[in-house]
Amino acid sequence: MKHDTPCASYPAITDRMIVSLIELLGRDSFAADLADILEQQFGHAHFHIFLYREKLAPAALASRPNPIAYARGLENYLNYTYVINPAYRAYRMGKPAGVYMISDFIQNDSQAILDEHDVDVHIEDSEPIGYRTPGWPKNMAEVIVLVNLPNNTVLDFSFLSPLGSRQTLDAKSSLERLFPILNAVVLRQFAVSPNSLDAENTLSGQEDRFHDFGGNVLTVREREIAQLILIGHSSNSISLNLRISLATVKSHRRNIYSKLQISSQAELFSLFLLHLK
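Spelled out as structure tokens, the structure:
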């Protein structure tokens with residue numbers, strides 16, 4: 001039996017594909033082989049399987065195409081900018097397993113700051129989350145599949161396609177249909193070969209550094225707002241999330257900039273990345 005997709009031109013999820021996933025069970029090369037199957041099925045411009053673990057920086061279990069064209073961008077993400085990435089923050093907040101758009105993790109509007117500095121984060125209004133790691137592909141939409149493993153770690157399957165393309169929504173719909181099978185196969189693989197879904201120790205995690213940024217000069221509320229800015233929230237979004245007025249948010253932002261002796265959102269990102277390093 002074939003499963004229909006929302007677009008006739010989009011590859012169907014066939015029984016053959018499902019069998020191929022099941023045949024991966026027990027392989028030491030499970031992550032790499034799974035990446036090959038998903039890349040062939042969905043044909044995205046870029047695809048990654050990230051591993052999120054407590055107290056450690058993320059690891060990339062597989063990336064396609066391989067080798068990737070933006071190695072510096074991936075390295076920056078794995079070492080530093082992951083800590084403010086909405087998908088990683090969703091993991092930290094205990095987001096349920098499932099299929100998401102990156103925009104599901106962050107509510108933003110078009111009022112992004114246009115300042116751009118050649119540092120570890122570029123502030124770009126064309127990006128879905130308002131910033132981009134240098135070396136990372138520009139103007140990409142992301143479909144994210146989260147799978148929760150029993151050892152309190154999470155796999156993040158990231159499918160990148162050009163912003164505004166029909167491929168993104170078609171893939172999300174197909175992945176939602178595939179998810180119960182993909183989730184079951186991954187969990188079974190973890191049961192029979194947990195080491196195949198692990199990685200060599202990476203850098204120590206930056207979570208504590210994320211939460212103590214500005215702690216010596218900012219109030220608790222100001223630090224909370226600074227953190228929301230760093231993960232991509234606009235002033236309007238912060239107002240909605242914290243249930244405070246927009247005027248109050250703007251007042252807090254002015255105080256944050258003044259206390260940190262900066263004048264723009266780009267400088268806030270720069271200062272935060274220096275804090276991590």
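FYI, the numbering for the sequence shown is 1 to 277, going by the numbering used here.
Think of the CB as a built atom: it goes at the ideal place given N, C-alpha and C, for glycine as much as any other residue.
Alpha carbons only, please: which of 104, 210 and 233 is nearest the one belonging to residue 271? 210
Could you check the C-alpha separation between residue 85 and residue 19 for me, to the nearest Å? 34 angstroms
State buried or exposed for residue 63, treating a residue as buried only when at least 16 other CB atoms are found within 10 Å of its CB. buried
When we look at the beta-carbon of residue 49 and count the other beta-carbons within 10 Å, is it buried (16 or more) or exposed? buried
Looking at the secondary structure, which residues open and close the beta strand (DSSP E) in which residue 53 lies? In the DSSP assignment, residue 53 falls within the beta strand (DSSP E) that extends over 46 to 53.
Go to residue 159, then tell me how far its alpha helix (DSSP H) extends in each direction, as first and last residue. Premise fails: residue 159 lies in the beta strand (DSSP E), 154 to 162, not in any alpha helix (DSSP H).
Please say whether residue 192 and residue 73 have beta carbons closer to each other than 9 angstroms? no
Going by other Cβ atoms of all chains shown within 10 Å of its Cβ, with 16 needed for buried, is residue 93 buried or exposed? exposed
Determine the direct distance from the alpha carbon of residue 185 to that of residue 22, and round the result to whole angstroms. 6 angstroms
Between the stretch 166 to 174 and the stretch 195 to 215, do at least 3 Cβ pairs fall closer than 8 angstroms? Contact between the stretch 166 to 174 and the stretch 195 to 215 is not established, with fewer than three Cβ pairs separated by less than 8 angstroms.
If you drop the 5 nearest sequence neighbours on each side, which residues of the same chain put their C-beta closer than 8 angstroms to that of residue 216? none
Three or more beta-carbon pairs under 8 angstroms between the stretch 218 to 234 and the stretch 254 to 264, yes or no? Touching, yes, given that three or more Cβ pairs across the two stretches are closer than 8 angstroms.
Determine the extent of the alpha helix (DSSP H) in which residue 63 is found, giving its start and end residues. Per DSSP, residue 63 belongs to no alpha helix (DSSP H); it is in the beta strand (DSSP E), 56 to 64.
Can the beta-carbon of residue 177 be found closer than 9 angstroms to that of residue 13? yes
From the DSSP output, read off the bridge partner residues of residue 140. 162
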